[in-house]
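A short write-up of the structure that comes next.
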Amino acid sequence: MLKLKLKAFTTALLLCTAALMPALAAGADTEPEEVSLKDLIKTESASFTLAHLPYILHYQKPAALHETVIASDKVLSLSYSGLNNRLLVTVSMNADPSLASLFTDYSAFKDYALKPFSDKEKLMYGEYELTDEQTAAGRWSISFYGYLKKPEDGILPAMYNFLEQRLNFEDGTLVSAQCQIQGAPEQQLESRALFKELRPLCEAVISDLSLEHKGK
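Positions -25 to -1, 1 to 191 (mature numbering (1 follows the signal peptide of the UniProt record, and there is no 0)) are the ones given, in order, by the sequence shown.
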C-alpha cells in the first residue's frame, strides 16, 4: 500500500511538472533577449503562500527570470526559466496530509528524494553527491547535486540534465528547491560547463528555504 501511494504521489508531481512546460515556453518571450551571467546568478528574498495553505514559504528567487505559479488545494509550485528554458529553477510546497504516512521514517524520505537517479520504470538514471543531511526529530532535510539522463521514449526526447536540489520535510509538509540545467545528451559538455558557471545561483536557491506557520 505504501508503494502504491508513493507511486501515485510521484505521478502527480510529474504531471504538475509537465503542466509547467507550456507556461514556460510562453513565458520565454517575456525574458530579456540577453541576460548576463552576473545578472543570472542574482537572487532576492521572496515569500509566497495561498490563503487556504497554513504555511508561508520563504526562499531565494532568481531576480532576472520569468516566474510561473501553479497551485492546487495542497500543492504550490513556483518556477523560473531562462536561457531558452535550458535553466529551470523550481520551488514547491506540498501540504497533503497523506505525506505523513508515505514518509514513515528518514530512510523512506531519502529513498524518495534519490529515486530519480535509479528509476527503471521511467528509464531515468544518474549519479549524485550528497552535500547535507539533517535528521532532527520533526524535521528532515537532504541536499545533493548530480546529473540525470534518460533515453528517448517515443514521447519525450533524450535528456542529460545537471541539477542541485534540496528537500525538507517538516510538520507533515514537503518543500523542495531545485536548480537544473536541461539539455540533450550531445550537449553534455556544454551543460556541464553551464551548470558550473551557474552553481552560485543553485547554491543560493537551495540554501535558503524555510516554512513559517501562519499561526505562529
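Each residue gets a CB set at the ideal place from its N, CA and C atoms; glycine is no exception.
Taking the beta strand (DSSP E) that E187 belongs to, which residues open and close that run? Indexing the sequence shown from 1 puts residue 187 at position 212. Where E187 is concerned, the enclosing beta strand (DSSP E) stretches over L184 to H188.
Contact belief for N69 with L12 at Cβ below 8 Å, rounded distance in angstroms: Counted from its first residue, the sequence shown places residue 69 at position 94. Counted from its first residue, the sequence shown places residue 12 at position 37. About 32 Å separates the beta carbons of N69 and L12, which is beyond the 8 Å limit, so they are not a contact pair.
Just to confirm my understanding: we take V66, look at its own chain, exclude 5 residues before and 5 after, and list those with CB closer than 6 Å. What are they? Stepping through the sequence shown from its first residue, residue 66 is reached at position 91. Contacts found: Y34, L53 and A152.
Pull up the CB-CB distance for L15 and L184, whole angstroms please, since I reckon it's below 8 Å. By one-based count along the sequence shown, residue 15 stands at place 40. By one-based count along the sequence shown, residue 184 stands at place 209. Actually they do not touch by this definition, with Cβ atoms about 20 Å apart.
Per DSSP, the bridge partner or partners of A159: Start at 1 with the first residue of the sequence shown, and residue 159 comes out as number 184. Answer by DSSP bridge pairing: none, since A159 is not bridged.
Decide if P7 is buried, meaning its Cβ has at least 16 other Cβ atoms within 10 Å, or exposed. The sequence position of residue 7 within the sequence shown is 32, counting from 1. Its pLDDT being 45, under 50, P7 is placed unreliably in this model, and the value from its coordinates should be taken loosely. P7 comes out exposed.
So what does DSSP say about S22, is it helix, strand or coil? The residue you call residue 22 lines up with position 47 of the sequence shown. Looking at S22 - three-state DSSP - the assignment turns out to be strand.
DSSP three-state label for A(-3), please. Counted from its first residue, the sequence shown places residue -3 at position 23. Because A(-3) carries a pLDDT of 40, less than 50, the predicted location of this residue cannot be relied on, and no value is offered for it.
Indicate the three-state DSSP secondary structure (helix, strand or coil) for V50 in the structure shown. Position 75 of the sequence shown, counted from the first residue, corresponds to residue 50. V50: strand per DSSP, three-state reduction.
Where does the unbroken alpha helix (DSSP H) through S76 begin, and where does it stop? Stepping through the sequence shown from its first residue, residue 76 is reached at position 101. Here the alpha helix (DSSP H) through S76 covers L74 to L77.
Buried or exposed for R114, going by 16 or more other Cβ atoms inside 10 Å? Numbered from its first residue, the sequence shown carries residue 114 at position 139. By the 10 Å Cβ count, R114 comes out exposed.
Can you check DSSP and say which residues form a bridge with G121? In the sequence shown, counting from the first residue as 1, residue 121 sits at position 146. DSSP output for G121 lists Y103 and L138 as bridge partner(s).
Taking the beta carbon of H188 as the centre, do at least 16 other beta carbons fall within 10 Å, making it buried, or is it exposed? Here residue 188 is taken as the residue at index 213 of the sequence shown, counted from 1. Counting Cβ neighbours within 10 Å, H188 comes out exposed, since fewer than 16 surround it.
How big is the Cα-Cα spacing for G190 and E161? Here residue 190 refers to the residue found at position 215 when the sequence shown is read from its first residue. Here residue 161 refers to the residue found at position 186 when the sequence shown is read from its first residue. When rounded, the distance between both Cα atoms is 50 Å.
For V10, which of helix, strand or coil comes out of DSSP? Your numbering for residue 10 matches position 35 in the sequence shown. Of the three classes helix, strand and coil, the one that applies to V10 here is coil, per DSSP.
Between which residues of its own chain and A46 is the CB-CB distance below 6 Å, once the five residues before and five after are set aside? If you number the sequence shown from 1, residue 46 lands on position 71. Taken in chain order, the residues that qualify are L25.
Tell me whether the beta-carbon of E104 lies closer than 8 Å to the beta-carbon of G121. Residue 104 sits at position 129 when you count from the first residue of the sequence shown. Residue 121 sits at position 146 when you count from the first residue of the sequence shown. Their beta carbons are under 8 Å apart, which means E104 touches G121 by this criterion.
Classify P37 as helix, strand or coil using the three-state DSSP reduction. The residue labelled residue 37 in the question sits at position 62 within the sequence shown. In the structure shown, P37 sits in a strand (DSSP, three-state: E or B).
Hey, how far is the Cα of L62 from the Cα of K90? Sequence index remark: in the sequence shown, residue 62 carries index 87 (1-based). Sequence index remark: in the sequence shown, residue 90 carries index 115 (1-based). One C-alpha to the other measures close to 22 Å.
Just list the residues that DSSP pairs T110 with in beta bridges. Along the sequence shown, read from residue 1 onward, the residue named residue 110 stands at position 135. T110 pairs with nothing; no bridge assigned.
Just to check my reading of the structure: E19 and K36 have Cβ atoms closer than 8 Å, yes? What is that Cβ distance to the nearest angstrom? Numbered from 1 along the sequence shown, position 44 holds the residue referred to as residue 19. Numbered from 1 along the sequence shown, position 61 holds the residue referred to as residue 36. Indeed, because the Cβ distance is near 6 Å, the residues count as touching under 8 Å.
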